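Below is one structure, written out as structure tokens; comments come after it.
Chains as they are written, first to last, in this note's numbering: chain A, 73 to 493; chain B, 73 to 493.
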């Protein structure tokens, strides 16, 4: 069933009815589906809920993430934008066009209310997830939008990590929007229409396309491979790990009443990590597996077992050395080495043309959702940037963003409204 | 069935047997399939044939195109590269890894023979199509590789078109490689492994990802939409149009015996066309449809009928003006306005981050295959660049390449071998 078919159906039963049938997979408070979903319904991820879609949603195949700078100082204009974006995100995620008349059926002498390139495509499991960067709260030393004291303490300015080579035009942003879908045209359409709706109020600061997911967020998914050719995210927190989500991903109410609006939200860390794939590709298989700490074919820990076997960091080989080296990535990134903290990763492979030096510009667009970046991202990244041979020799961080991701939206509400009330 | 499954099967029956079963759709001399292909076999496009795959192959969903500069002056090294690339392209298009041991099963103290990120993925209808730019024949006024007199006359230096804003790092290249697949990771893997194999002999000059196809090349496909939100390529030459292919797409033997190697080949024109989508999005639906000459919803000509109805350029409205305006894109691009010439288009939508001015950098990566660019591309593009309001006001060409695409490869041969014998 196409987007058009869905529209026709919506005309009969109301779009809400469709969304209701397709619900049940993703959010805390989901409805149980009355019947097995048909293929088109299975393409629709519910928008409303106590958490935003796009975090524990089974990771879709493609990403388009963008960061916007808010150019107005008018609090009312910002709230109108968030209301308009909420309505547009809800419509697009349900396979509808933005606005009331769409791309092709509106008044002929006005610009269309949708840009049209998703006409005829399915919703492709689109999710649109919003986060607020530090720049929304204060910029150039001035508090913005009357948000005095409302910036969460966890929304820090990330420190400089050794080896960082961050480009300003790939970093920061007042509002970060993650659009994920199984069809990239649907994800691009979503970001593009938000930019269109925000014209005059926001500017695109950076945007990043990810062509292949590098994490699974559900036990129903196979572990994908990154551009080092290795399985990535084997130990990721999955949607089914409710206790781990509560412990490591969902933000609490903070220490101050001014932060209560973030309860049930999360913090999004995005890092554009260039991989030196040409050097990697000339490294021996032994060296590659040693750096990762897993086999290339199956992703099994070098201490033995299969992909999901627990690594045994103490086990030594005949030579008396640990089978998983002291600087192997799997050891450095493991919870046991990081005070037990874990994250929900949701990254993507990227390729952005060439680097002007005869190589592809390619790597990993790292995305993670964590309860608090001060405990759940900074210490691990600092340790890896200093000691992990992989990070030191084969990776370069070229972009960075941190955003406070508010909880989900209920019908009639708008994204982040707790911040403005 | 996964790539691994396919490998296992190949071990029993030989990869050729699989390719044989899946053949029959694409090339001049295709075999009729003995039985309906299973899904995995349907994911494999035959590599060998009298024409290269990736021209009349039903347009796959995703593109990764790259241009390489050859850094050696050694004719033998160039021929070895072409042999190695041919073997790798054949393997990858059949769902196998490059080399004989692959990414994970080779000698542990050597770099893997494949980079590995396509392990477990299907062939995804991968095609790899090679073309030779003018720089392969001569550079800085010097003939290269002993190819004196072998540069086809049709492989011109494209003229400057009004409004061109070509970036050197997005233009030209000695060898252009088009990888198309339904899975972008498979297309990226193909280009990346060719770059790896060519290390020391070639440098990546530019590379371009296309996320959504904008043309159909088979009557079995629906017409997709470009980032103006309109259906694109309705009048494209399709694989089924054998007479039109012979007339407009397949190159002849040229006027000189030195060009006979191109018979059955074609010429690839690639143009990176930035679209000013923010301006477009603020244009009325009436203006948009007038500029295109078709309706936005269905793609029907403004003279009436349905998508595939022939446009009636003479038909006038009540106001005495032609229903399809004199500068409408459909009129300017139509064969009737261009001495009857047509092309096989194979372009893709692209989005490459932001432009630094608050907008998405997005547009159309135009790809066309033509018999002779002197007759089949330059006149039309010159006229459109001067007169087509769409082209003048909403488009900017930022990259350009022209390549002579040799005919297909037979088993045991290598790409372009007619040029070296």
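For each residue, glycine too, the CB sits at the ideal point set by N, CA and C. None of the values given here were measured: they were computed from a predicted structure.
- Annotation: residue 452 (chain A) to residue 410 (chain A) spans about 6 Å, alpha carbon to alpha carbon.
- Cβ atoms of residue 290 (chain A) and residue 130 (chain A) come within 8 Å of each other, at about 4 Å.
- For residue 442 (chain A), the beta-bridge partners assigned by DSSP are A:339.
- Inter-residue distance for residue 266 (chain A) and residue 136 (chain B) is about 27 Å (C-alpha atoms, whole angstroms).
- For residue 151 (chain A), the enclosing alpha helix (DSSP H) begins and ends at 147-165.
- Taking 9 Å as the CB threshold, residue 418 (chain B) stays off the interface with chain A.
- The beta carbons of residue 112 (chain A) and residue 194 (chain A) sit closer together than 9 Å.
- Straight-line measurement puts the Cα of residue 242 (chain B) at about 13 Å from the Cα of residue 438 (chain B).
- Residue 292 (chain A) and residue 287 (chain B) have their C-alpha atoms spaced approximately 34 Å apart.
- Around the beta carbon of residue 118 (chain A), 16 or more other beta carbons lie within 10 angstroms, which makes this residue buried.
- If you check the CB distance, residue 416 (chain A) and residue 128 (chain A) come in under 9 Å.
- Within the stretch 343-365 of chain B, contact with chain A at the beta-carbon level (separation under 9 Å) is assigned to 349, 350, 352, 353, 354, 355, 356, 357, 358, 359, 360 and 361.
- Straight through space, the alpha carbons of residue 470 (chain A) and residue 433 (chain B) are spaced by roughly 19 Å.
- For residue 262 (chain A), there are no neighbours in chain B by C-beta distance under 7 Å, as the nearest C-beta there is about 12 Å away.
- For residue 180 (chain B), the nearest beta carbon of chain A is closer than 9 Å to its own beta carbon.
- Neighbours of residue 241 (chain A) in chain B, taken as residues whose beta carbon is under 9 Å from its own, are 425, 426 and 428 in chain order.
- It is roughly 21 Å from the alpha-carbon of residue 278 (chain A) to the alpha-carbon of residue 189 (chain A).
- In the DSSP assignment, residue 420 (chain B) falls within the unbroken beta strand (DSSP E) covering 420-426.
- Counted as a single uninterrupted DSSP element, the stretch harbouring residue 280 (chain B) is not any alpha helix (DSSP H) but the beta strand (DSSP E) occupying residues 274-282.
- If you compare the alpha carbons of B:134, B:493, B:448 and B:156 with that of residue 407 (chain B), the shortest gap goes to B:448.
- Residues of chain B with a Cβ closer than 7 Å to the Cβ of residue 276 (chain A) are, in chain order, 426, 430, 431 and 432.
- Around residue 196 (chain A), the same chain offers 115, 253, 254, 255 and 258 as residues with beta carbons nearer than 7 Å, after the five sequence neighbours per side are excluded.
- When beta bridges are read from the DSSP output, residue 292 (chain B) appears opposite no residue.
- In terms of Cα proximity to residue 251 (chain B), the closest of B:315, B:404, B:161 and B:396 is B:161.
- Here residue 474 (chain A) is buried. Its C-beta has 16 or more other C-beta atoms within 10 Å.
- Apart from the 5 residues on each side of it in sequence, residue 334 (chain A) sits with its Cβ closer than 7 Å to the Cβ of 224, 323, 326, 476 and 478 in its chain, given in chain order.
- Taking C-beta atoms as the reference points, residue 217 (chain A) and residue 247 (chain A) fail to come closer than 9 Å.
- Annotation note: the stretch 342-384 of chain B contains the following uninterrupted alpha helix (DSSP H) runs of length 4 or greater, listed N- to C-terminal: 349-352 and 357-364.
- Around the beta carbon of residue 214 (chain A), fewer than 16 other beta carbons lie within 10 angstroms, which makes this residue exposed.
- In this structure, the beta-carbon distance from residue 274 (chain A) to residue 141 (chain A) falls below 9 Å.
- In the three-state DSSP reduction, residue 492 (chain A) falls in the helix class (H, G or I).
- Around residue 188 (chain A), the beta-carbon contacts reaching into chain B at under 8 Å are 297, 300, 301, 302 and 368.
- With distances taken between CA atoms, residue 371 (chain B) lies nearest to B:294 out of B:294, B:459 and B:230.
- Residue 263 (chain B): member of the alpha helix (DSSP H) spanning 256-269, first to last residue.
- With the criterion set as a beta carbon lying under 7 Å from some beta carbon of chain A, the members of the stretch 247-258 of chain B are 256 and 257, in sequence order.
- The contact set of residue 268 (chain A) on chain B, defined by CB atoms closer than 7 Å, consists of 353 in chain order.
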